[in-house]
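Peer 1: Sequential numbering of the sequence shown, starting at 897, is according to my numbering. For every residue, glycine included, the Cβ atom is placed at its ideal position computed from N, Cα and C.
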Amino acid sequence: MEQYFGDNLFSAMERNPIEVGTVLVQDHESEFGPHKRDALLVIEHSEQRTMALSVTMPSEMAVANVLPEWSDLLSTPPVFYVGGATSPEGALAVAVLRPGMEAEKGDFWDVLSNRIVVLNLQHPPEAFEPYVESVRFFAGHKVWEPGELDKEIQLGHWFVAPALPSDITAGRLVDVWGDILKRQNFPMSVFSTFTTEYEEN
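1) Would R994 be called buried (16 or more neighbouring beta carbons within 10 Å of its own) or exposed?
2) I believe V1031 touches W966 by the beta-carbon criterion, under 8 Å. Please report the beta-carbon distance rounded to the nearest angstrom.
3) For a cutoff of 7 Å on Cβ pairs, would you count V1007 as touching chain B?
4) Which residue from F1004, L1069 and F1034 puts its Cα closest to that of V962?
5) In angstroms with no decimal places, state the Cα-to-Cα distance between L1077 and V978.
6) Do you know offhand how far S1009's Cα is from I1049's?
7) Alpha carbon to alpha carbon, how far is V919 from E1025?
8) Where DSSP assigns a beta bridge to W1005, which residues make up the other side?
9) Does DSSP classify S967 as helix, strand or coil?
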């Protein structure tokens, strides 16, 4: 297939900085991910490493089977999402705060963006109820060593964009990848309908 923008979809686009609270949108032809059309939420970015969670991979394991006390706060579907291949036995909880609630760093959570936080699970769920609209649990995460992610972005494998709360709590049938691209400026928004199989278009 002829490439109209550099060597691949993202290589000629203006690059946004990697920051916590941004999402990494996978190039539709990239092999740098567990599946096509992936989107990962950056939860840590430092000189030592970058960590992110895939927000597009629901598992079949219900959170209530392991953590029933969290049932009332879970987003739909109320299952663990596969955050990445590193430490799959570990769980992280990302929450969206209630509208009008400003996220400030404290003992309850680490702030990723305006209403998106990573919860401190040493606190019980009832401590978060006044503040949290919904919670999504992730099993495992993705890690890059220093320089690795920058190189992949330079090669056009990822596009960096601001995350919205809806990216974190989207339902099973929502095309998060397409929704993120759709809200970008032209010409990026045009690519939101790309599929993994050209014959589908």
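Peer 2: Looking at the atomic coordinates:
1) Stepping through the sequence shown from its first residue, residue 994 is reached at position 98. Classification for R994: exposed.
2) For the purposes of this step, residue 1031 is identified with residue 135 of the sequence shown, where counting begins at 1. For the purposes of this step, residue 966 is identified with residue 70 of the sequence shown, where counting begins at 1. Between W966 and V1031 the Cβ distance is about 6 Å, and since that is below 8 Å, they are a contact.
3) In the structure shown, chain B cannot be found, because there is only a single protein chain.
4) Working through the sequence shown from its first residue, we reach residue 962 at position 66. Ranking F1004, L1069 and F1034 by Cα distance to V962 puts F1034 first.
5) Start at 1 with the first residue of the sequence shown, and residue 1077 comes out as number 181. Start at 1 with the first residue of the sequence shown, and residue 978 comes out as number 82. Each residue's alpha carbon lies about 22 Å from the other.
6) The residue you call residue 1009 lines up with position 113 of the sequence shown. The residue you call residue 1049 lines up with position 153 of the sequence shown. One C-alpha to the other measures close to 21 Å.
7) The residue given as residue 919 occupies position 23 in the sequence shown. The residue given as residue 1025 occupies position 129 in the sequence shown. Looking at the two C-alpha atoms, the distance is approximately 26 Å.
8) On the sequence shown, residue 1005 is found 109 positions in, with the first residue counted as 1. For W1005, which the question treats as bridged, DSSP gives the partners L1015.
9) Within the sequence shown, numbered from 1, the residue matching residue 967 stands at position 71. Of the three classes helix, strand and coil, the one that applies to S967 here is helix, per DSSP.
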